[in-house]
Every structure is written in C-alpha cells, then in structure tokens.
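For reference, the structure is listed below as structure tokens.
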RNA sequence: GGAGAGAUGGCCGAGUGGUCGAAGGCGCUCCCCUGCUAAGGGAGUAUAGGCGCAAAACGCUUAUCGAGGGUUCGAAUCCCUCUCUCUCCGCCA
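Numbering (the working numbering), first residue to last: 12 to 448.
Below is the structure:
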C-alpha cells in the first residue's frame, strides 16, 4: 500500500510512476472521494466532540444533583445525526481503502522502464553453458526414462499440474532443500523457520496477494462444512513462504537492535495458476504444488537496498555451489510484481529449452507490505517507523531439480549428481536406470 | 466435540455506567540529590487518524481497554455474536 499522504501531496509524481508500470491510477475518483472524506470526517468529528462535551456536562450535573432534562433535550437528535454521518464516513473510507489496496508499489529510480519481459535488463552471467555431443533430452524424458518421475500417478491422484517423484529422484529433491537450508543458516546467517502452510485473510492482505489476486490462490474449507458456504475456514494455502515469513512482524513494533531479521523456510507452495493455461504444461516447471526455500529480510529502511544485493547473492551462492550457469536480470517497470519496488530475477540455464528460465525472484518491497501489515520499529529518535521487507527464493526446489537433470544428463540417460549434494545422498554420484533406484 | 475461566498500555495489575486514555507497581528516558556500583526525590513515558501551519515544533480534535454489533445523552464497565488463550474431559500425530 502506498502512503496516502504522498497521494494527497504529490499525486502527479505518483501517477507518473504508476504509469511506468502500466497502471493508471483513478485520480478523479480518488480526488472526489478525498474531498468528500475531508468534509464528512470533519463534520463527524465535530458532532463527536459535541456529544463528548455534553455527556461530560450531564455527568457533572448528575453528580451535583442538578436537573438535566434541558441538556438532554439539547442532544436529543445528536445521536441519529452522528450515526448517519459515521455511516457515510465509513462508506467513503472503505471506497478509498479499496482503491489503495489495489494500487501496486512504486518502482525504484534504478528500475529500467519497459513493458514486459523483453525489456528486462541483464546485469551479469555466471558459469559455463554446457555443450552436449548427443541429442539433449528434457527433464521429463530423463525422469520418466529413469522411472523416477511419474506424472500419470500424479494425474490420477490430483489432476494436471501435479507430479510424483520416486526413489533417488525424490531423495535428490529432499537433498536439494536440505542443502539450501543448511547453506543459508550456516553461511548466510538466516534463522531457520517452520511456518504454517495455511494462512488467514489478514496475512494475505499484508503481503499483497489479497484482495487483488485471489484467483491465484487455493482456499480451503473445513471438512463437513456446507458445500456452498464460501471459504468456510477462512484459510488459504500459501502461494509462497514469503506470506508466512513476512507476516511474522505484522502488527509488531520490532526493537531496533533486533534488526535486521533474516528468516529462511522450506515449504510447499500452492498456486492455482489461473490464466496460465497452455504455458509450461509439460513437466515440473509450472505446478500447482512445488517446494521452495524462501528468504525474507526485515530491515531498517536505510539498509534495504544493500540487503537486496546481499539477498540476491545468497540465492546465487546456491547455483554456484551446484555449478549451474545462470544470469541475473533486473525486472523492468512493466514486469515487476505488485508489491515490489525493485526485483532481480535469477534465471538458470535449461539446455532442453536452450534458454535461461526463472529460478529465483528477489524483491525489495520497501514499506509497501510493512504499511499494509503495520510492521514497524522504533527509530533513533524514538518514533515508530515502517520497516522495509524483502523476499527472495533461495531457490525454487523443483526448478533446481529440473536444471540438474538437464545440465547433468549423460548420453545413456543417467544423471550425474552435483558433488555438493552427494553427502546428502549417502555418497551416491549418479541417478541411473539400473534397478530404478 | 463437551464443561468452565479469561482477554485492560512495553510488562504486571486495578477498575461493573459519568471529570477514565485509563489507579498503582515494574521497566524505560530526562533532571535533582548523593564523592564511587546502592538508595532517595521530581518530571516524563501508547498507537493510529483528521484539521490548522509552507513545513517542523506545536495547537485543536477523533478513535482505540481481544474483534464486531447493540442499549444509553454517556460504555473498559450492561447485552448479543465472533475470535483467541488457559484448565478439565473426549479424540488424535
């Protein structure tokens, strides 16, 4: 959520910034509502002040035993008038709130302007793109060939966009998550966190998934509750652990000396992928359920951009240790997510697609989420101040597995296990067909 | 799921219709006293808004005692609904 003060004092600046990300702010509607709000709020508060004053008088009079009928008559209609006014005010404020909740964050100065993916700015590459002297297979073909990846079973259980892994592939998937967690807690100073996978409305409002992106989520209801009762439980499956981790500080005033807070969690993520029909339908790239190791920073506003650089570095470390080629791009204004002021995507090289594909997205949300969450700290002069929040994948586990299968494939369909993961695999150095293990 | 108890400021804890945004204590900040860490005295110490001011300081004002409704001129206090916490029982991993 943007600072409403900024919209009042410098609307043109805000509008221009929002235009750069293809969002047109409803200025006229906003201004109209603001004028109304000011008028009605002032009036309402006057009535309240009057009521308070008169009630105090009555209290005084009664304690002295004076007759109060005259004063009571004076305020006979005040209650109704006030009630009307309060209702009007609430209506206007909820309209304003609705507008504000749907406005995306302002892009940071350093973000390149552009309309979409093609305008993103590559800032560095790492690693060597592997070359193969045989026909490259994609991860689906490799996984199914090894009999370790079973989409048919997943489809039977749940439908499309689900997967089943078996044997050493399932173990490799687990190893990846462990390796990522260990790296972040041992080398990067994160606090390991186990979080709820079901969260309430307020949490999703806090990080910006609601109210605008409800169709991307899975809502759950309690068993046995009436079928037609919408969202019986009021809970949603998390689309990312960013929600659980960032909301740790919702409605909190964090002690300044406790900053920065750095959390890491390995969780499943659930996304309905509404509107992505036909995209990445094959394989593990786009699933309704996938695992991710998520990194979240809660920081002092002055350090958030330094924290963003560190955060990207932490995610890159994982790919470097796995010896997977990647590049880092700065998302342009038109391609950024709703809550982000600046985002770096890390894209890993996928040989079968002959291109880089997103494996991590690291964003500084500045105070955008903090304002929604009322997440604050007490600054140097003792004033409560909004925090800055950042999040990034470190990394998406399923896509990392895809990258390993494709980049480490051999001509015979076997796959080398990256050295760094072998301790997590009881020393195993490759996935091969023999025995299906 | 059944029975009961509870939810007040950073913390503890008073407060069952009126000058209560809230006693008292602890903690914290500043000052004074005291020649050393102790003790004592004084002042201050919630949050979010609105309006005024170019703005800060400040001034005026509103809301907030788990949440939402209601009764009332007036609600922390009375009534209703919900949420959460605790205890006991049941069930479960």
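A virtual CB, placed ideally from N, CA and C, is assigned to each residue, including glycine.
8 angstroms CB neighbourhood of residue i in its chain, flanking five on each side removed
{"i": "residue 65", "result": "82, 85, 86 and 89"}
{"i": "residue 337", "result": "136, 137, 138, 327, 330, 357, 358, 359, 360, 367 and 370"}
{"i": "residue 448", "result": "In this prediction, residue 448 has a pLDDT of 43, which is less than 50 and means its spatial position is unreliable; what the coordinates show is noted afterwards. Once the five neighbours on either side are set aside, the close Cβ partners of residue 448 are 178 and 179."}
{"i": "residue 62", "result": "86, 89, 90 and 93"}
{"i": "residue 239", "result": "Only weak support is given to the placement of residue 239: the predicted model assigns it a pLDDT of 46, under 50, and the value that follows is read from those uncertain coordinates. Result list for residue 239: empty, nothing under 8 angstroms."}
Minimum C-alpha distance to residue i - residue among the options
{"i": "residue 374", "options": "413, 307, 168 and 436", "result": "307"}
{"i": "residue 295", "options": "248, 174 and 263", "result": "174"}
{"i": "residue 191", "options": "168, 309 and 403", "result": "403"}
{"i": "residue 177", "options": "315, 195 and 158", "result": "158"}
{"i": "residue 421", "options": "49, 250 and 150", "result": "150"}
{"i": "residue 414", "options": "208, 423, 209 and 187", "result": "187"}
{"i": "residue 391", "options": "270, 251 and 118", "result": "270"}
{"i": "residue 384", "options": "212, 302, 354 and 316", "result": "212"}
{"i": "residue 509", "options": "345, 225 and 254", "result": "The first residue shown for the chain is 12 and the last is 448, placing residue 509 beyond what the model contains."}
{"i": "residue 144", "options": "419, 431, 252 and 438", "result": "419"}
{"i": "residue 286", "options": "267, 347, 226 and 340", "result": "226"}
{"i": "residue 335", "options": "68, 406, 162 and 74", "result": "406"}
{"i": "residue 433", "options": "155, 220 and 182", "result": "182"}
{"i": "residue 194", "options": "19, 172 and 325", "result": "325"}
{"i": "residue 302", "options": "410, 164 and 109", "result": "410"}
{"i": "residue 50", "options": "16, 76 and 101", "result": "101"}
Beta-bridge pairing of residue i - partner residues as DSSP gives them
{"i": "residue 55", "result": "Answer is none; residue 55 lacks a bridge partner."}
{"i": "residue 119", "result": "DSSP output for residue 119 lists no bridge partner at all."}
{"i": "residue 414", "result": "None, per the DSSP bridge assignment."}
{"i": "residue 46", "result": "Per DSSP, none; premise fails for residue 46."}
{"i": "residue 22", "result": "Its beta-bridge partners do not exist; DSSP assigns none."}
{"i": "residue 302", "result": "279"}
{"i": "residue 403", "result": "306 and 373"}
{"i": "residue 84", "result": "The partner list for residue 84 (beta bridge, DSSP) is empty, contrary to what the question assumes."}
{"i": "residue 16", "result": "Its beta-bridge partners do not exist; DSSP assigns none."}
Spatial neighbours of residue i in its chain, beta-carbon cut-off 7 angstroms, leaving aside the 5 residues before and after
{"i": "residue 38", "result": "22 and 26"}
{"i": "residue 44", "result": "103, 106 and 107"}
{"i": "residue 441", "result": "425, 426, 427 and 428"}
{"i": "residue 36", "result": "25, 26, 29 and 114"}
{"i": "residue 282", "result": "227, 250 and 299"}
{"i": "residue 46", "result": "none"}
{"i": "residue 79", "result": "69, 72 and 73"}
6 angstroms CB neighbourhood of residue i in its chain, flanking five on each side removed
{"i": "residue 272", "result": "309"}
{"i": "residue 499", "result": "Residue 499 is absent from the structure shown; the chain starts at 12 and stops at 448."}
{"i": "residue 417", "result": "150, 361, 362 and 363"}
{"i": "residue 117", "result": "28"}
Item to check | Every unbroken beta strand (DSSP E) inside the region 159 to 226 [3 residues or more] | outcome: As far as the region 159 to 226 is concerned, its whole beta strand (DSSP E) runs of at least 3 residues are 209 to 211.
Please give me, in chain order, every unbroken run of the alpha helix (DSSP H) with length at least 4 that falls completely inside the region 309 to 386.
If we require 4 residues or more, the alpha helix (DSSP H) runs fully inside the region 309 to 386 come out as 315 to 332 and 379 to 384.
- Along the chain, which unbroken stretches of the beta strand (DSSP E) at least 3 residues long are found entirely within the region 103 to 148? Whole beta strand (DSSP E) segments, 3+ residues: 132 to 137.
Are three or more beta carbon pairs between the region 251 to 261 and the region 284 to 292 nearer than 8 angstroms? No, they do not touch.
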